[in-house]
Amino acid sequence: MKLGNLRRLAALALVVVLPLSVTACAKGGSTGGSNSSSGGEITMWTHNAGNAGELGAITKIVDDYNGSQTQYKVKIQAFPQDSYNQSVVAAAAAKKLPCVLDIDGPNVPNWAWAGYLAPLEGMDDTLSKFLPSTVGKYNDKTYSYGYYDVALTMVSRKSVLKKYGIRLPTIEQPWTAAEFTSALAKIKASGDFDYPLDIATSFTGEWWPYAYSPMLQSFGGDLINRTDYKSADGALNGEAAMKWATWFRSLVTEKYVPLKSGADPAKDFVNGKSAILYNGTWTAVDTRKKFGDDVVFLPTPDLGSGPKIGGGSWQWGVSHGCSDPAGAMDYMKFAAQDKYVASVSTATTNIPATDAAATQVKGYEAGGDNAVFREYSKKFAELRPITPGYPFIATTFTKAAQDILTGADPQKSLDQAVKDIDDNQKSNNYFQ
Amino acid sequence: MSNSATLKTPVTPQTGVPAAEDKVAPTGRHPHTVALLMLLPAAVLMITFLIIPIGLTFILAFTNARLVSPQPATFVGLDNFVRLFDNDTFWKSLRNTIIFAAIIVPFQSALALGLALLVNVKMRGVNFFRTVFFLPVVTSIVVVSMLWLFLYQPNGLINAVLAKFGFAGPDWLGNPNTALIAIILMSAWQAMGFHMVIWLSGLQTIPGELYEAADLDGASTFQQFQHVTWPGLRQTRTFILITITIAAFALFSQVNIMTQGGPLDATSTLVFQAVRTGFQQQQTGYASAISLVFFAIVLAVSLVQRFLTRDKDAR
Chain Z
646 MKLGNLRRLA
656 ALALVVVLPL
666 SVTACAKGGS
676 TGGSNSSSGG
686 EITMWTHNAG
696 NAGELGAITK
706 IVDDYNGSQT
716 QYKVKIQAFP
726 QDSYNQSVVA
736 AAAAKKLPCV
746 LDIDGPNVPN
756 WAWAGYLAPL
766 EGMDDTLSKF
776 LPSTVGKYND
786 KTYSYGYYDV
796 ALTMVSRKSV
806 LKKYGIRLPT
816 IEQPWTAAEF
826 TSALAKIKAS
836 GDFDYPLDIA
846 TSFTGEWWPY
856 AYSPMLQSFG
866 GDLINRTDYK
876 SADGALNGEA
886 AMKWATWFRS
896 LVTEKYVPLK
906 SGADPAKDFV
916 NGKSAILYNG
926 TWTAVDTRKK
936 FGDDVVFLPT
946 PDLGSGPKIG
956 GGSWQWGVSH
966 GCSDPAGAMD
976 YMKFAAQDKY
986 VASVSTATTN
996 IPATDAAATQ
1006 VKGYEAGGDN
1016 AVFREYSKKF
1026 AELRPITPGY
1036 PFIATTFTKA
1046 AQDILTGADP
1056 QKSLDQAVKD
1066 IDDNQKSNNY
1076 FQ
Chain F
105 MSNSATLKTP
115 VTPQTGVPAA
125 EDKVAPTGRH
135 PHTVALLMLL
145 PAAVLMITFL
155 IIPIGLTFIL
165 AFTNARLVSP
175 QPATFVGLDN
185 FVRLFDNDTF
195 WKSLRNTIIF
205 AAIIVPFQSA
215 LALGLALLVN
225 VKMRGVNFFR
235 TVFFLPVVTS
245 IVVVSMLWLF
255 LYQPNGLINA
265 VLAKFGFAGP
275 DWLGNPNTAL
285 IAIILMSAWQ
295 AMGFHMVIWL
305 SGLQTIPGEL
315 YEAADLDGAS
325 TFQQFQHVTW
335 PGLRQTRTFI
345 LITITIAAFA
355 LFSQVNIMTQ
365 GGPLDATSTL
375 VFQAVRTGFQ
385 QQQTGYASAI
395 SLVFFAIVLA
405 VSLVQRFLTR
415 DKDAR
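Note that the protein sequences, when read in sequence, are chains Z and F.
The first sequence begins at 646 in my numbering and counts up by one.
The second sequence begins at 105 in my numbering and counts up by one.
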């Protein structure tokens, strides 16, 4: 009897140990492969598997680089955007990060703090020519650069604004808060549109902090106090933030914007359901196709502290613990040339990061149709808070903004958000 | 088992158990060994993907572990649970989960039984209807959720149909009062085909003679259902009750795609809150605490159900 038990125990031990040894083998294998790049091969991850234009432009850079020298060979692996961040976090946990990877701008401080990213050395001169919002910095070190930025804009039609006697705002003289509200009221009163304004509330994820925290900043509030990034108290629940929250909710109660936009707000705008569309500059292609010269891309209104728009899009960096940092840095320097900034921006129709590249991208040359987008980025772009706590702040703000828009008590929602953010910053020892 | 001799030596003198048991399998293929070998693949998978994660959840729930952090996790005692029980969203999620389960279990099983009775007749084309009713089940829940997202829009198909009858439909998913109901309706529609098939299999185990006898006794259709069909479905009932309850507690995909827990937490559920906290907000320890509470609740409900159903079986 006892013997049978013993044998059973041994078998059980085997069953328990086996999976562990399998994982141990897998780990052993990966360290043997030294961070997935050996023999001068540099692995590169990108989020744009679903974006043929951008992926094509990146592939061209890599091909050029591989052809330009024989020491290193860069190999691209493309991921769909939705699962990209999880893949990177999982790879980091398994210590299998690729050498070169792209990162969504606001995540750079989080990943730099977590030790995923290595600082970019010796590129300060090159990167000083890039738009500030396209360079990822944390604690005085540069970790990433991007080829392009995107600007937020109020899309409308000259003919529509003229019909209701609304002034065409300029970059020097944007709409004031009062002007903006009266414009919305005029359009609403006419009854010609389902809604005078569409702020694309149907978008999910990073769109909410990206699009609506600039409005909060334009009122004079912010997501967190930026002097020491320790607390959001006063910034996110102070007087200015309350003004923003009340105004934000009033857009819905006055029926100026739909509580929930359609699945494709740009399509609704093109089909004449809304008179003004708050969206990224990526809508320029489709709206121009429909309205031609009539469509205008206006600066966002000045709600008190000047117009603000979100800054920082996808950027490139080098992983910490890359087995061949010299090779990875070599590629990063090669890839930062103006012609590549131009080619990626052309492929994505986004705002090129450098002046020299702008002259080569159709629409962004001096006096070009899109040149004004670059002006918006230069003048109004505000980076999202540069703290490793940003992903938490972003989701907390999103929830608060959604609740406020639906009709929750603004002060209570904002106080709760401040408490949550402060708790998180504190429990991480302020990311020291 | 050549090395069994070495194992034997320290054991046999102490206990005096005869080695006869070993002689059963002279080839070394002891029945137990075979059984264990056959168990091995399933056991490896279960342990790797079920037992170890559950064990980790128990440990992580008492730490401040984070998804992305250069600092190692430290034990924080019951801190996560104190924060959790102080969190309004948690109580709302718990309430929503319970409401969802309490409504969908009777609603969905009744609808499924109705469908099963409808397609349990012998006539031409009944297979067509069985297939149609089963179609939503084989469609991915993500696709179904996206479709219903469009149906539920303020100017969507459902409201357009309501308008034809003179009703002004609400903004189903945008209104805190209707969002959960909207998700319940859609979930029941999606899953009832599956339970229809289970009911159907139960119905077909009831011998036809019973119905013939009931007919001869002059029982009406309803009396037949009450005294023949319903008692004959006892086993099926138990199975359906348990599977729907477990599925109801695990509500996540529909919420994630259609409402993200909103508006005003009206559709937040425990699983959704755990995923949001663990992945988007990177608080692994806190999310583990939510999962642990969820685990305890589901365990309690399952035990109660088991107790109730076993009681009936014994009678």
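Just so it is clear, CB atoms sit at the ideal spot from N, CA and C, and this is done for glycine as well.
None of the values given here were measured: they were computed from a predicted structure.
Run down chain F in chain order and give the residues with a C-beta less than 8 angstroms from the C-beta of residue i.
i, result
"Z/V734", "L171, V172"
"Z/K741", "Going along chain F, no residue has its Cβ under 8 angstroms from Z/K741, so there is no contact; the nearest lies around 15 angstroms."
Within a Cβ cutoff of 6 angstroms, which residues of the same chain sit near residue i, ignoring the five residues on either side of it in sequence?
i, result
"Z/A903", "Checking the sequence, you will find Pro at residue 903 of chain Z rather than Ala. Excluding sequence neighbours, Z/P903 sits near Y840."
"Z/S679", "Interpretation of Z/S679 is limited by its pLDDT of 39, a score under 50 that renders its predicted location unreliable; the figure taken from the coordinates is listed afterwards. Around Z/S679: S968."
"Z/F1037", "N1069"
"Z/L948", "A822, S863, F864"
"F/G336", "I310"
"Z/A1011", "none"
"Z/K672", "With a pLDDT of only 36 at Z/K672, under the threshold of 50, the placement of this residue in the model should not be trusted, and no figure is reported."
Round the Cβ separation of residue i and residue j to the nearest angstrom and send it over; I've been treating them as touching at under 8 angstroms.
i, j, result
"Z/I721", "Z/M768", "About 21 angstroms; that fails the 8 angstroms criterion."
"Z/K953", "Z/P1055", "Incorrect: roughly 20 angstroms between the Cβ atoms, too far for contact."
"Z/D1014", "Z/G1008", "5 angstroms"
"F/S197", "F/Q377", "5 angstroms"
"F/G365", "F/S357", "Contact flag wrong, Cβ pair sits at about 13 angstroms."
"Z/I1049", "Z/A890", "5 angstroms"
"Z/P751", "Z/Y1075", "With a Cβ gap of about 18 angstroms, Z/P751 and Z/Y1075 do not count as contacting."
"F/F204", "F/L355", "6 angstroms"
Taking the C-alpha atoms as reference points, what is the distance between residue i and residue j?
i, j, result
"Z/D909", "F/A169", "39 angstroms"
"F/D447", "F/I288", "Residue 447 of chain F is absent from the model: chain F starts at 105 and stops at 419."
"F/L154", "Z/I816", "58 angstroms"
"F/A207", "Z/D938", "First, the amino acid is wrong: residue 207 of chain F is Ile here, not Ala. Taking the straight line from one Cα to the other gives about 55 angstroms."
"F/L111", "F/H134", "Confidence at F/L111 is low in this model, with a pLDDT of 41, below 50, so its placement is unreliable and the value that follows should be read with caution. Roughly 16 angstroms between the two C-alpha positions."
"Z/R812", "Z/N882", "33 angstroms"
"Z/L762", "Z/A739", "15 angstroms"
"Z/D747", "F/F238", "43 angstroms"
"F/S395", "F/L374", "8 angstroms"
"F/A147", "Z/V1063", "47 angstroms"
"Z/N1073", "Z/T849", "27 angstroms"
"F/L221", "F/L304", "7 angstroms"
"Z/A871", "F/D275", "Reading off the sequence shown, one finds Arg at residue 871 of chain Z, where the question assumed Ala. The straight-line gap from Cα to Cα measures roughly 39 angstroms."
"F/V359", "F/N200", "11 angstroms"
"F/A391", "F/A165", "7 angstroms"
"F/N184", "F/L403", "21 angstroms"
"Z/S919", "Z/A856", "18 angstroms"
"F/L140", "F/T152", "17 angstroms"
"F/P157", "F/F398", "15 angstroms"
Which same chain residues, not among the five before or five after residue i, have their C-beta less than 7 angstroms away from its C-beta?
i, result
"Z/K1023", "L776"
"Z/L1028", "S778, G956, G957"
"Z/D1067", "S876, A877, D878"
"Z/T993", "G698, E699, Y793"
"Z/V986", "Y792, P997, A998, T999, A1002"
"Z/P970", "A763, V963"
"Z/S847", "K905, S906, G907, A908, P910"
"Z/G866", "A880, L881, G883, A885, A886, W889"
"F/P240", "V248, W293, Q294, G297"
At a threshold of 7 angstroms, does residue i count as lining the ligand SAH (C-beta to nearest heavy atom)?
i, result
"Z/D727", "No copy of the ligand SAH occurs in the structure displayed, which carries no ligand at all."
Mind checking which residues open and close the beta strand (DSSP E) that includes residue i?
i, result
"Z/A1026", "1026–1028"
"Z/E1099", "Nothing about residue 1099 of chain Z can be read from this structure; chain Z reaches only from 646 to 1077."
"Z/T798", "797–802"
"Z/D747", "745–749"
"Z/P841", "840–843"
Would you give the residue range spanned by the alpha helix (DSSP H) that residue i belongs to?
i, result
"F/M195", "Position check: residue 195 of chain F holds Trp in this sequence, whereas Met was assumed. Element bounds for F/W195: 192–223."
"F/I262", "261–268"
"Z/Q862", "852–863"
"Z/N730", "726–738"
Got a sec? Which residues, its chain only, sit under 8 angstroms from residue i by beta carbon, not counting five neighbours each side?
i, result
"Z/F942", "T798, M799, V800, T926, A929, V1017, F1018"
"F/F269", "none"
"F/V408", "none"
"Z/Y809", "A828, K831, I832, S835"
Residue i touches chain F at which residues, Cβ-Cβ below 7 angstroms?
i, result
"Z/F1037", "Q385, Q386"
"Z/W758", "P174"
Run through chain F and tell me which residues come within less than 9 angstroms of residue i, C-beta to C-beta.
i, result
"Z/T849", "Q364"
Can you name the residues of chain Z whose CB is closer than 7 angstroms to the CB of residue i?
i, result
"F/L368", "D1048, T1051, A1053"
"F/G297", "What F/G297 touches in chain Z: nothing, since even the nearest Cβ is about 27 angstroms away."
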